[in-house]
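In the numbering used here, the protein residues as written are 8 to 234. Backbone N, C-alpha and C fix where the C-beta goes; we use that ideal spot for every residue, glycine too.
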């Protein structure tokens, strides 16, 4: 699997810790990990001088846009994200078609979500409850999330019904939401352009399989760079 890690401004100072644990678990399993949003800023304080053009201040709203583009284009297979409580990122991602994000605070959450709900994103709290041993909990969460094939069902014997419901959820999201590009084009374009940072674009272009979404990102990236 291709897995993207997306951090927003409030928890970006912990990006290195999260990325280290994700890579230490996922890469030996044969998965590829991309650090596609914010990395550690220049200061742990939320002040303008903490951010740069390459590492700007992104919120959980930006992470929803980035996740939708990465997942719907086929650039990645899975997104790991979060915020202080994990709730903002969860709501932001779940607004979009093609994105089914679960909430995860312990390893069993990750395992059951992947086996029963068969989604493509997890949102974690990176401030609430993030104390001693937090890196151990992350490691265990990622081990349970990515250590076995997803969509196998739990308890044993319920796989068929659970997979059917999981697939129906993706279809229902398409029916109740605008098509992705229509939705993004109806937003404030500035918010979308702010998502077009180098790490995101590198991840997107390496794996994008949808020419229509690629053309949209091309235009947004060009506009963001004043071209």
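Where the beta strand (DSSP E) containing residue i begins and where it ends
| i | result |
| --- | --- |
| residue 39 | 39–42 |
| residue 90 | 85–90 |
Residue i, DSSP secondary structure in three states
| i | result |
| --- | --- |
| residue 134 | coil |
| residue 10 | strand |
| residue 111 | coil |
| residue 157 | coil |
| residue 65 | coil |
| residue 1 | Since the displayed the chain opens at 8 and closes at 234, residue 1 lies outside it and no answer follows. |
| residue 182 | helix |
| residue 123 | helix |
| residue 232 | coil |
| residue 94 | helix |
| residue 74 | helix |
Euclidean distance between Cα positions of residue i and residue j
| i | j | result |
| --- | --- | --- |
| residue 38 | residue 189 | 32 Å |
| residue 144 | residue 233 | 43 Å |
| residue 28 | residue 206 | 19 Å |
| residue 58 | residue 88 | 20 Å |
| residue 126 | residue 31 | 22 Å |
| residue 134 | residue 231 | 31 Å |
| residue 56 | residue 16 | 13 Å |
| residue 47 | residue 166 | 40 Å |
Beta-bridge pairing of residue i - partner residues as DSSP gives them
| i | result |
| --- | --- |
| residue 128 | 86, 108 |
Start and end residues, alpha helix (DSSP H) containing residue i
| i | result |
| --- | --- |
| residue 194 | No alpha helix (DSSP H) contains residue 194, which DSSP labels as neither H nor E. |
| residue 47 | Run containing residue 47: none; DSSP gives neither H nor E here. |
| residue 204 | Residue 204 -> no alpha helix (DSSP H), and no H or E assigned at all. |
| residue 4 | Absent from the structure is residue 4, since the part of the chain shown begins at 8 and ends at 234. |
| residue 23 | 22–33 |
Nearest-angstrom Cβ-Cβ length linking residue i and residue j, presumed shorter than 8 Å
| i | j | result |
| --- | --- | --- |
| residue 187 | residue 105 | 7 Å |
| residue 217 | residue 81 | 6 Å |
| residue 97 | residue 110 | 5 Å |
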